[in-house]
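Q:
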Amino acid sequence: MKRALITGITGQDGPYLAKFLLEKGYKVFGTYRRVSTPNFWRLQDLGVLNKITLIPADMSDMSSLLEAVTIAEPDEVYNLAAQSFVGNSFDQPLLTSDVDASGSTRFLEIIRHLKKNIKFYQASTSELYGACEKVPQDEHTLMIPNSPYAAAKLYSFHMTRIYRHSYGMFACNGILFNHESPLRGLEFVTRKITNSVARIKLGLQHELRLGNLDTKRDWGYAPDYVKAMWLILQQDKPDDFVISTGEMHSVREFVQEAFNVVGLNWKDFVVSDERLKRPLDVYQLCGNNGKSRKVLKWKPAVTFKELVKIMVESDLGRWQRYMEGEVFPWDAPNHSHEVDIVSRNVVRDKEKEAGKSKGKGKFSLKGW
Ligand code: NDP
Ligand code: GDP
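For reference, each letter of the sequence shown is one residue, going -17 to 350 in this note's numbering.
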């Protein structure tokens, strides 16, 4: 029986990957962080919590990662753990680099020391392309990160490649474009939209505040994408692959499509909020998946329209069941829609309003 270790198993992708690997007959181990409130709802939602073995570990704690590998004795490691939210990486750049850059290197070092034939999958991202204006992007496109998150991930992307070439390790990058699902974190724009659309339809919320509606993303469906992660590690030779749909849509189109699902006009509810705009954004991401189609024989199964429908209907169903008094594990009721979070963006904005702005992209370190 093959053994897999998934870091970040409590996130969006971890449970889908765990389910996929369990169905393939793997023994699955997953790392989780100790938090004051348990965070296993996604694993419960997919019915895999009791079929996997959990190991406490943090990407910033080398000894816990070493312990995880020692306990799991994996054939394959899927390194999904990350501070994965671009917006937050502007607020916590050092934590982001410790977890997303140094964390992956810690893992590569452990494998190099312990057992070089453990296969290693690194969760790389389309955010690496950042300011590069060429579309579509492929495995050879110039990478110009536009956020602390992307800069940290670029370091891990290269370290994975460097360890492959230097030490002959089976270390691969999946350069995954945005992928979404009903298990997506609420702070990401797609799930923020579908959760709000569901609440608006049911009269629980009256507006949806968003930042930049013009940015474009190549949005796919997470369960399709975890299959690609596995395929990448099943090849004869380690390599890097773009995983994407090859289609690009704007945030505005996503909003419009989501409101269409419930028969409402988005213009009646969407409010533009400057504070939700990033100091630097990535304007267009669209992946050329030619290599993965050819070599991995992989292709996405769910279309953009289907994805939006799946997500809206899922959030609508959850809120309806909640209103009927059903109790089940789920993130949204714990998420305050009114809470006042003061991030660097807000400080920057207040200064701009007061005429104190030092210019675009510069913001105050007040509060440090
Ligand atoms: P999520 O944010 O949903 O999950 C991230 C996981 O990492 C969670 O389990 C989280 O734990 C864990 N984690 C965060 N910090 C640490 C830490 N210090 N130590 C240990 N674990 C930690 O991300 P996704 O599942 O969506 O994505 C999986 C990976 O793929 C990430 O690396 C992401 O950057 C990358 N990626 C994602 C894309 C997407 O569109 N989803 C696109 C391209 C790449 P906890 O639950 O406790 O917070
Ligand atoms: P990302 O591609 O990893 O940054 O995924 P996100 O879902 O966080 O953001 C996708 C795009 O939506 C970015 O260009 C954001 O600037 C834009 N966007 C517009 N409004 C919002 C918002 O309210 N929240 C988030 N997360 N993104 C927003």
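Cβ coordinates follow ideal geometry from the N, Cα and C atoms, glycine included. Model, not experiment: these values are computed from the prediction.
#1: Buried or exposed for Pro56, going by 16 or more other Cβ atoms inside 10 Å?
#2: For Leu77, name the three-state secondary structure that DSSP assigns.
#3: Is Leu192 near the ligand GDP, with its Cβ less than 7 Å from a heavy atom?
#4: Given the structure, does Met41 come close to the ligand NDP, in the sense that its CB is under 7 Å from one of the ligand's heavy atoms?
#5: Cβ of Asp(-5) within 7 Å of any heavy atom in the ligand NDP?
#6: Apart from the five residues just before and just after Leu(-13), which ones in its own chain have a Cβ nearer than 6 Å to its Cβ?
#7: Does the distance between the C-beta of Met110 and the nearest non-hydrogen atom of the ligand NDP fall short of 7 Å?
#8: According to DSSP, which residues form a beta bridge with Ala(-14)?
#9: So is Ala336 buried or exposed if we call it buried at 16+ other beta carbons inside 10 Å?
#10: Going by C-alpha to C-alpha distance, which of Gly7, Gly167, Ala105, Asp206 sits closest to His140?
#11: Check the C-beta distance from Tyr14 over to Leu31 and give it rounded, since I have them as a contact under 8 Å.
#12: Given that a residue counts as buried once 16 or more other Cβ atoms are within 10 Å of its Cβ, and exposed if not, what is Ala63?
#13: For the ligand NDP, is there a heavy atom less than 7 Å away from the beta-carbon of Gln26?
#14: Measuring CB to CB, does Pro130 end up less than 8 Å from Ser79?
#15: Using a Cβ-Cβ cutoff of less than 7 Å, which residues in the same chain neighbour Pro220 once the five nearest sequence positions on both sides are dropped?
#16: Given that a residue counts as buried once 16 or more other Cβ atoms are within 10 Å of its Cβ, and exposed if not, what is Gln358?
#17: Output the boundary residues of the beta strand (DSSP E) element that contains Ala153.
#18: Taking its Cβ as the centre, do 16 or more other Cβ atoms sit within 10 Å of Val208, making it buried, or is it exposed?
#19: Just how far apart, CA to CA, sit Met(-17) and Leu3?
#20: Is any heavy atom in the ligand NDP found nearer than 7 Å to the beta carbon of Ser66?
#21: Going by the C-beta, is Glu169 closer than 7 Å to any heavy atom of the ligand GDP?
#22: Using only alpha-carbon positions, find the residue among Val117, Ser148, Arg260, Leu246 that is nearest to Leu192.
#23: For Asn155, is the beta carbon positioned less than 7 Å from some heavy atom of the ligand NDP?
#24: Closest to Leu190 by CA distance: which of His319, Glu5, Ala50 is it?
#25: Answer yes or no: do Gly156 and Phe223 have a C-beta to C-beta separation smaller than 8 Å?
#26: Could you pull the start and end residues of the beta strand (DSSP E) that Leu36 belongs to?
#27: In whole angstroms, what separates the C-alpha of His188 from that of Phe251?
A: Concretely, from the data shown:
#1: Buried is the call here.
#2: Reduced to three states, the DSSP call for Leu77 is helix.
#3: Yes - the ligand GDP has a heavy atom lying nearer than 7 Å to the Cβ of Leu192.
#4: Yes, the ligand NDP has a heavy atom inside 7 Å of this Cβ.
#5: At least one heavy atom of the ligand NDP is nearer than 7 Å to the Cβ of Asp(-5), so yes.
#6: These residues qualify, in order along the chain: Phe11, Ala54, Pro56, Val59.
#7: Looking at the sequence itself, residue 110 is Leu, so the reference to Met does not match. Of the heavy atoms belonging to the ligand NDP, none sits nearer than 7 Å to the Cβ of Leu110.
#8: Looking at the DSSP output, Ala(-14) bridges to Val10, Glu58.
#9: When all chains shown are included, Ala336 counts as exposed.
#10: The residue among Gly7, Gly167, Ala105, Asp206 with its C-alpha nearest the C-alpha of His140 is Ala105.
#11: Actually they are not in contact, since the Cβ atoms of Tyr14 and Leu31 sit about 11 Å apart, beyond 8 Å.
#12: When all chains shown are included, Ala63 counts as buried.
#13: It does not: the Cβ of Gln26 is nowhere closer than 7 Å to a heavy atom of the ligand NDP.
#14: Yes, these two residues count as a Cβ contact at 8 Å.
#15: Excluding sequence neighbours, Pro220 sits near Arg146, Phe152, Ala153, Cys154.
#16: Any property of residue 358 remains undetermined from this structure, which presents the chain solely from -17 to 350.
#17: For Ala153, the enclosing beta strand (DSSP E) starts and ends at 153 to 158.
#18: Taking all protein chains shown into account, Val208 has 16 or more neighbouring C-beta atoms within 10 Å of its C-beta and is therefore buried.
#19: Rounded to the nearest angstrom, the two C-alpha atoms are 11 Å apart.
#20: Correct: Ser66 has its Cβ closer than 7 Å to the ligand NDP.
#21: At least one heavy atom of the ligand GDP falls within 7 Å of the beta-carbon of Glu169.
#22: Residue Arg260 is the option with its Cα nearest to Leu192.
#23: Result no, Cβ not under 7 Å from the ligand NDP.
#24: Check the Cα spacing between Leu190 and each of His319, Glu5, Ala50: the tightest is with His319.
#25: Going by C-beta atoms, Gly156 is nearer than 8 Å to Phe223.
#26: Unbroken beta strand (DSSP E) run through Leu36: 35 to 38.
#27: Near 7 Å, if we compare the C-alpha coordinates of Phe251 and His188.
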